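Structure record follows, encoded as structure tokens.
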Amino acid sequence: MENLINISKKRIEGVPTRFNRFLKDKIDTNQRLIGIKGARGTGKTTLLLQLLKELPANKVLFASLDNLWFSNSTLVSLAEVFARTGGKYLYLDEVHKYANWSQELKNIYDAYPEINVVFTSSSALDINKGKYDLSRRALIFELPGLSFREFLELKYKIKTEPVTLENILFNNHTVVTNILKQLKPYEFFAEYLSLGYYPYFAEGTAYFHQRLRETINLVIETDLPAIFHIDYNSILKIKKLLVLISEITPYIPNVKKLSVQVGTTRDSLLKFLQLLHNAHIVRWLGSDAFGINFLNKPEKLYLENTNISYALNKSKVDVGTIRETFFLNQLSVNHRVSYPKKADFFVDNKYTFEIGGKNKSKKQIEGIDNSFVVKDDIEYGHGNIIPLWLFGFLY
Numbered sequence: 001m002e003n004l005i006n007i008s009k010k011r012i013e014g015v016p017t018r019f020n021r022f023l024k025d026k027i028d029t030n031q032r033l034i035g036i037k038g039a040r041g042t043g044k045t046t047l048l049l050q051l052l053k054e055l056p057a058n059k060v061l062f063a064s065l066d067n068l069w070f071s072n073s074t075l076v077s078l079a080e081v082f083a084r085t086g087g088k089y090l091y092l093d094e095v096h097k098y099a100n101w102s103q104e105l106k107n108i109y110d111a112y113p114e115i116n117v118v119f120t121s122s123s124a125l126d127i128n129k130g131k132y133d134l135s136r137r138a139l140i141f142e143l144p145g146l147s148f149r150e151f152l153e154l155k156y157k158i159k160t161e162p163v164t165l166e167n168i169l170f171n172n173h174t175v176v177t178n179i180l181k182q183l184k185p186y187e188f189f190a191e192y193l194s195l196g197y198y199p200y201f202a203e204g205t206a207y208f209h210q211r212l213r214e215t216i217n218l219v220i221e222t223d224l225p226a227i228f229h230i231d232y233n234s235i236l237k238i239k240k241l242l243v244l245i246s247e248i249t250p251y252i253p254n255v256k257k258l259s260v261q262v263g264t265t266r267d268s269l270l271k272f273l274q275l276l277h278n279a280h281i282v283r284w285l286g287s288d289a290f291g292i293n294f295l296n297k298p299e300k301l302y303l304e305n306t307n308i309s310y311a312l313n314k315s316k317v318d319v320g321t322i323r324e325t326f327f328l329n330q331l332s333v334n335h336r337v338s339y340p341k342k343a344d345f346f347v348d349n350k351y352t353f354e355i356g357g358k359n360k361s362k363k364q365i366e367g368i369d370n371s372f373v374v375k376d377d378i379e380y381g382h383g384n385i386i387p388l389w390l391f392g393f394l395y
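Counted the way the numbering used here counts, the sequence shown spans residues 1 to 395.
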């Protein structure tokens with residue numbers, strides 16, 4: 001355990017603190033059990049370490065559950081020693097790497113009320129459907145990749161405040177005027193779309209897309225099998241499915257045809273799509289405004305974010321698809337997005353959006369209440385015309 005303590009001290013001391021994610025201020029470290037889900041590379045570990053750095057040094061411990069220490073010792077035994085020696089804040093990284101995580105977190109919660117636990121997991125892990133339900137005990141957050149606003153702060157130190165959707169829709173001229181006092185969005189927007197979603201771009205951009213492809217491979221080959229116990233044959237089919245989707249997005253799926261192409265059954269195909277969606281590699285867009293029904297086929301499939309689009313198919317990236325992917329990705333963090341009968345997106349069961357370039361007409365939304373045209377290549381909007389880049393300031 002001494003080795004774990006030494007690693008913890010080094011990691012906490014070394015974490016950068018100049019830039020904080022939007023989620024940091026929402027986490028109350030006095031809560032007894034908190035879970036943070038998110039895709040690989042979105043900054044969950046950094047967030048844990050930043051939270052710990054602000055707490056009393058003699059009361060904290062950071063441990064990654066892929067550490068070899070846990071091959072011969074249990075999480076409960078760690079908590080027992082930690083509590084006995086006066087520990088208070090036990091922060092655990094990558095719980096999905098530990099076989100009995102849900103039972104032991106429940107046991108720690110019940111047996112050691114003096115300990116506050118924060119844990120991270122893969123976005124693919126359904127925390128509330130583990131063998132031991134934590135839904136009544138744990139407060140769950142999701143950490144997405146960087147918004148356009150956060151990217152500007154992290155890379156260029158341009159700090160702005162997030163904007164609500166209602167302000168964007170009904171007060172965008174004032175909002176845009178204030179933002180344009182600090183920056184010209186199109187000086188940075190293309191860079192963000194290509195490589196600004198995952199914070200590790202800050203470590204160097206030369207091999208960013210290669211690293212992202214390797215991250216996606218790790219999720220499919222390591223995380224999904226660890227969580228769902230899928231076999232090697234299923235891994236190969238999931239990879240083939242991802243290639244097919246990446247070549248034609250947004251993909252309007254013909255499930256029967258796609259099943260034949262992948263070499264699997266309809267039910268297995270829908271399961272694979274669900275896994276890719278939950279792992280934040282593919283975005284499943286359904287017609288139900290109240291949630292996704294994985295028993296029915298999706299209306300459209302998108303890649304999760306624009307960085308993945310460039311990483312998987314840079315030579316064939318379609319500007320229209322990039323616009324739609326960006327909009328869907330940024331809105332989905334705090335809003336419910338579905339596929340409408342007309343136009344491109346239906347948000348919060350209330351607002352209809354059509355996405356396009358600066359010459360996009362209003363024809364497809366004529367006669368629809370609360371409808372908006374979102375245009376790329378414009379700085380200012382007017383009326384129900386909104387600049388696309390502005391949706392990157394939602395969080």
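We put the CB at the ideal spot given by N, CA and C, even for glycine.
Treat the numbers as computed from the prediction; the structure is a model and nothing was measured.
Query raised in the report: What number of angstroms, rounded off, separates the C-alpha of A311 from the C-alpha of L328?
Result: The count along the sequence shown starts at 1 and reaches residue 311 at position 311. The count along the sequence shown starts at 1 and reaches residue 328 at position 328. Each residue's alpha carbon lies about 18 Å from the other.
Report task. Tell me where the beta strand (DSSP E) around V373 begins and ends. Result -> The count along the sequence shown starts at 1 and reaches residue 373 at position 373. Counting along the chain, the beta strand (DSSP E) containing V373 begins and ends at 371 to 375.
Query - Identity of the residue in K24, K44, Y351, H173 nearest G367 by Cα - result: Taking the sequence shown and counting its residues from 1, the one referred to as residue 367 is at position 367. Taking only the C-alpha atoms, the option nearest G367 is Y351.
Report task. Within the same chain, show all residues whose beta-carbon is closer than 6 Å to that of I403, passing over the 5 residues directly before and after it, in chain order. Result -> What is shown of the chain runs 1 to 395, which leaves residue 403 out entirely.
Query raised in the report: Using the beta-carbon count (16 or more within 10 Å), is V260 buried or exposed?
Result: Position 260 of the sequence shown, counted from the start, is the residue given in the question as residue 260. Burial is judged here by how many other beta carbons sit within 10 angstroms of a residue's own beta carbon; V260 has fewer than 16 and is exposed.
Query raised in the report: Do P253 and L301 have their C-beta atoms closer together than 9 Å?
Result: Within the sequence shown, numbered from 1, the residue matching residue 253 stands at position 253. Within the sequence shown, numbered from 1, the residue matching residue 301 stands at position 301. Going by C-beta atoms, P253 is nearer than 9 Å to L301.
Query raised in the report: Hey, which unbroken runs of the beta strand (DSSP E) at 3 residues or more fall wholly within the region 72 to 128?
Result: Runs found: 89 to 93, 116 to 122.
Requested in this report: Please confirm whether W389 and F22 have their CB atoms less than 9 Å apart.
Outcome: Residue mapping note: residue 389 aligns to position 389 of the sequence shown, counting from 1. Residue mapping note: residue 22 aligns to position 22 of the sequence shown, counting from 1. Going by beta carbons, W389 and F22 fall outside the 9 Å limit.
Query - Residue environment, S194, which counts as buried when at least 16 other CB atoms sit within 10 Å - result: By one-based count along the sequence shown, residue 194 stands at place 194. So S194 ends up on the buried side.
Query raised in the report: Given 8 Å as the limit, is there contact between the region 277 to 295 and the region 152 to 161, that is, 3 or more CB pairs closer than that?
Result: They do not touch, by the three-pair rule.
Query raised in the report: In this structure, what does DSSP give as the bridge partners for I168?
Result: Along the sequence shown, one-based indexing puts residue 168 at 168. As DSSP reads the structure, I168 sits in no beta bridge.
Report task. Check whether the region 374 to 393 touches the region 182 to 191, counting contact only when three or more Cβ pairs, one atom from each stretch, lie closer than 8 Å. Result -> Three or more pairs of CB atoms, one per stretch, sit closer than 8 Å, so the region 374 to 393 contacts the region 182 to 191.
Query raised in the report: From Q274 to Q330, what does the alpha carbon distance come to, in whole angstroms?
Result: Numbered from 1 along the sequence shown, position 274 holds the residue referred to as residue 274. Numbered from 1 along the sequence shown, position 330 holds the residue referred to as residue 330. One C-alpha to the other measures close to 20 Å.
Requested in this report: Kindly confirm or deny that the region 80 to 87 and the region 12 to 29 touch, where touching means at least three C-beta pairs closer than 8 Å.
Outcome: Contact annotation: the region 80 to 87 does not touch the region 12 to 29, with fewer than three C-beta pairs closer than 8 Å.
Requested in this report: Please determine, among I235, I230, T249, the residue with the shortest C-alpha to C-alpha distance to V317.
Outcome: Start at 1 with the first residue of the sequence shown, and residue 317 comes out as number 317. The residue from I235, I230, T249 with its alpha-carbon nearest to that of V317 is T249.
Query - Bounding residues of the alpha helix (DSSP H) (the contiguous stretch that carries V255) - result: Here the question's residue 255 lines up with position 255 in the sequence shown. First-last of the alpha helix (DSSP H) with V255: 255 to 262.
Query raised in the report: Are the region 207 to 227 and the region 111 to 126 touching by the rule of at least three beta carbon pairs closer than 8 Å?
Result: At 8 Å Cβ cutoff, the stretches touch.
Query raised in the report: Taking the alpha helix (DSSP H) that E340 falls in, what are its first and last residues?
Result: Here residue 340 corresponds to residue number 340 of the sequence shown, with the count starting at 1. Residue identity check: residue 340 is Pro in the sequence provided, not Glu. Unbroken run through P340: none, as it is neither H nor E.
Query raised in the report: Quick one: is Y403 buried, meaning 16 or more other Cβ sit within 10 Å of its Cβ, or exposed?
Result: There is no way to answer for residue 403, as the model of the chain reaches only from 1 to 395.
Report task. Could you have a look at V347 and say whether DSSP puts it in helix, strand or coil? Result -> One-based indexing of the sequence shown puts residue 347 at position 347. Three-state result, V347: strand.
Query raised in the report: Would the beta-carbon of E354 fall within 9 Å of that of V333?
Result: Looking up residue 354 in the sequence shown gives position 354. Looking up residue 333 in the sequence shown gives position 333. Between E354 and V333, the gap from beta carbon to beta carbon reaches 9 Å or more.
Report task. Quick one: using the 10 Å Cβ neighbour count with 16 as the cut-off for buried, is R136 buried or exposed? Result -> Residue mapping note: residue 136 aligns to position 136 of the sequence shown, counting from 1. By the Cβ-count criterion, R136 is exposed, with fewer than 16 other Cβ atoms from all chains shown falling within 10 Å of its own Cβ.
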